[in-house]
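Each remark here refers to the structure printed beneath this line.
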Amino acid sequence: MKKIGFFLIPLVIFLVLVVFLFQGLFSDPRELDSQVKDKQVPAFSLPDLMRPDVTYTQDVFKGDVTILNVWGVWCVTCAVEMPYLTKLKEEQKVNFVGLYFDQDLDPDFGTKTLTRVQEEVTSMLSRYGNPYQYNIFDVYRDTSLDLGVTGAPEHFLIDSRGVVRMHHIGDINPRVWENKIGPLYDQLVAEQQTNVAGSR
């Protein structure tokens with residue numbers, strides 16, 4: 000009997016491992032649930048990337064439906080999606096706010112100056128389009144960590160009450176917009192307009 004148990008334990012562990020790996024093989028990493036979904040945007044106090052004397056807090060997301068786009072000039076996929084995001088801003092009035100962090104900037108050791116970062120950002124936005132109302136500078140990446148960001152680009156759809164309603168990992172392209180993000184964005188905008196009209 001002990002011999003059977005001796006062989007069964009490794010077999011059970013092996014089967015559990017196989018099931019776990021099999022599920023991972025067919026899962027989409029972009030569909031991971033965000034730790035902040037259906038919660039208020041985490042508290043922060045961060046400067047405007049281009050106007051460091053201007054400070055933003057989480058309250059900036061109250062009043063309008065917003066897509067918070069985590070990005071950086073080092074992100075190739077960010078450059079690829081930027082023309083389409085700009086088109087959405089210009090043609091459909093989609094409200095994008097950037098959450099920018101730089102991999103090469105060390106606030107403590109000064110690997111790269113703020114002026115250099117601003118120059119790189121200006122160059123990229125002039126080349127690929129600028130979808131942003133403004134860019135929040137996540138200097139120490141604390142807010143990105145609080146949001147559960149794993150890379151870039153990532154997008155957080157935030158309703159007019161400042162609640163994160165969707166987290167999308169990866170680029171926004173026409174297929175993603177039409178099938179996933181756009182319908183919820185339009186729904187939230189309609190709800191916001193109804194609430195504004197009802198409060199008059």
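Take the sequence shown: its letter number 169 is residue 168 in numbering that gives the first Met the number 0, and every next letter is one higher.
C-beta atoms are modelled at their ideal positions from N, C-alpha and C, and glycine is treated no differently.
Identified DSSP bridge partners for residue i
i	result
residue 61	160
residue 70	99
residue 54	46
residue 132	Answer is none; residue 132 lacks a bridge partner.
residue 153	69, 168
residue 39	162
Cβ pair residue i, residue j closer than 9 Å
i	j	result
residue 65	residue 94	yes
residue 162	residue 38	yes
residue 172	residue 83	yes
residue 187	residue 158	yes
residue 193	residue 128	no
residue 74	residue 181	no
Alpha-carbon spacing of residue i relative to residue j, whole angstroms
i	j	result
residue 99	residue 70	5 Å
residue 45	residue 97	12 Å
residue 176	residue 156	12 Å
residue 140	residue 165	20 Å
residue 144	residue 34	10 Å
residue 135	residue 47	5 Å
residue 60	residue 43	12 Å
residue 122	residue 68	18 Å
residue 101	residue 77	13 Å
residue 222	residue 189	Because the chain here runs from 0 to 199, residue 222 falls outside it and cannot be looked at.
residue 113	residue 185	36 Å
residue 196	residue 58	22 Å
residue 29	residue 183	With a pLDDT of only 43 at residue 29, under the threshold of 50, the placement of this residue in the model should not be trusted; the figure read from the coordinates follows. Rounded to whole angstroms, residue 29 to residue 183 spans 17 Å at the Cα level.
Closest Cα partner of residue i within the set the options
i	options	result
residue 132	63, 196, 41, 103	63
residue 126	68, 80, 158	80
residue 152	72, 36, 51, 91	72
residue 174	60, 87, 68, 75	87
residue 160	191, 183, 186, 101	191
residue 41	52, 50, 56, 51	56
residue 130	196, 117, 90	90
residue 117	92, 49, 137	49
residue 137	36, 103, 195	103
residue 36	154, 196, 170	154
Check: residue i C-beta below 8 Å from any heavy atom of the ligand ATP
i	result
residue 180	The ligand ATP is not among the ligands present in this structure, which contains no ligands whatsoever.
Beta carbon proximity, residue i to chain D, threshold 9 Å
i	result
residue 144	Checking the listed chains, one finds no chain D in this structure; it contains a single protein chain.
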